[in-house]
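Worksheet: one structure, shown below.
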Amino acid sequence: MSSDPRSVLTRPAPAPDVTVAYGPHPDQVADLRRPTGAGPAQRLVIVVHGGFWRAEYDRRHTAPLATALAGLGYPVAQVEYRRTGQPGGGWPGTMADVRTGVSELPRLAAEAFPGAVAAGPPLLIGHSAGGQLALYVAAALPAMVGGVLALAPVANLAEAYRLDLDTGAVAALLGGGPTEVPDRYAACDPRSLPPPKSRTVVMHGALDQQVPVAMSREFVTAGHAAGGNIHLVELPHCEHFGLIDPKSTAWPEVVLALRSLTKPRS
Numbered sequence: 009m010s011s012d013p014r015s016v017l018t019r020p021a022p023a024p025d026v027t028v029a030y031g032p033h034p035d036q037v038a039d040l041r042r043p044t045g046a047g048p049a050q051r052l053v054i055v056v057h058g059g060f061w062r063a064e065y066d067r068r069h070t071a072p073l074a075t076a077l078a079g080l081g082y083p084v085a086q087v088e089y090r091r092t093g094q095p096g097g098g099w100p101g102t103m104a105d106v107r108t109g110v111s112e113l114p115r116l117a118a119e120a121f122p123g124a125v126a127a128g129p130p131l132l133i134g135h136s137a138g139g140q141l142a143l144y145v146a147a148a149l150p151a152m153v154g155g156v157l158a159l160a161p162v163a164n165l166a167e168a169y170r171l172d173l174d175t176g177a178v179a180a181l182l183g184g185g186p187t188e189v190p191d192r193y194a195a196c197d198p199r200s201l202p203p204p205k206s207r208t209v210v211m212h213g214a215l216d217q218q219v220p221v222a223m224s225r226e227f228v229t230a231g232h233a234a235g236g237n238i239h240l241v242e243l244p245h246c247e248h249f250g251l252i253d254p255k256s257t258a259w260p261e262v263v264l265a266l267r268s269l270t271k272p273r274s
């Protein structure tokens, strides 16, 4: 593993097997990766990338993660969406894109990889801002989501606004703060929504400098109190980017958490 945890963001990875469109905009697309090996069909895994919803970060930085997941036998879709700094990005386009992508990609992946995609709603992996989007979609479309692995998610948009994470990222996404556009926060802030009905694992590194681990602790505690099937895995020696790096010491924990999403509730 590189000494720079951000190296995963620019690490080369194999090209996807196919790129499909779920809408007419150039960013309403997803890169699909076929599972390797001859194992049984698995649920589609939809990867929702982070980058604080900004246009300069796209799905390509999750290619090492997606390649590793395909190597474990999962069909994988790296969903793209319109982001802040682009026409149609921010409120409400960013949220609408991810909702539509999650709704359409199981069919598109099954058509692209006949026999390789198991029946059932997809599993979502969201990192950072993508964690917010995954948690939002799971609450908004509960029947469409089979489980969520939220990696260092921005799980409380109002708190992220107060902390000014990434210098105004939440204000750019929603067009203002909680007192200015309260209805927008109520509609898509994971902390304001009911906990997802599907099994949810929140994983966060204690050394995270981009999204404070306290946000995940509070979110999971509140989700438990509301009756959610939600669990926190806190990694004491992990920072923000190790969670999406297959070469990191955190990776085996990420794989275990993903596999736990399809186990019966205990």
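The opening residue of the sequence shown carries number 9 in our numbering; numbering runs sequentially from there. Yeah, the Cβ is synthetic: ideal placement off N, Cα and C, and Gly gets one too. Quick caveat: nothing in here was measured; it's all calculated off a predicted structure.
Query, Result
"Three-state secondary structure (DSSP) at Asp57?", "Sequence inspection shows His at residue 57; the Asp mentioned does not correspond to that position. His57: coil per DSSP, three-state reduction."
"Starting from Leu159 and walking both ways along the alpha helix (DSSP H), at which residues does that stretch end?", "Per DSSP, Leu159 belongs to no alpha helix (DSSP H); it is in the beta strand (DSSP E), 155-159."
"With DSSP as the reference, label Val28 as helix, strand or coil.", "strand"
"Is the Cβ-Cβ distance between Leu52 and Pro22 less than 8 angstroms?", "no"
"Here's a check: name, in chain order, each residue in its chain whose Cβ is nearer than 7 angstroms to the Cβ of Glu112, leaving out the five neighbours to either side.", "Tyr30"
"Pick helix, strand or coil for Glu188, following the three-state DSSP scheme.", "coil"
"If you pair each beta-carbon of the stretch 59-75 with each one of the stretch 30-43, do three or more pairs fall below 8 angstroms?", "yes"
"What would DSSP say about Ala85, mapped onto helix, strand or coil?", "strand"
"Between the C-alpha atoms of Gly45 and Ala177, what's the straight-line distance to the nearest angstrom?", "40 angstroms"
"Ala163: which of Arg225, Ala180, Ala151 sits nearest, CA to CA?", "Arg225"
"Measuring alpha carbon to alpha carbon, tell me which of Asp216, Gly58, Leu17, Gly134 ends up nearest Leu266.", "Gly134"
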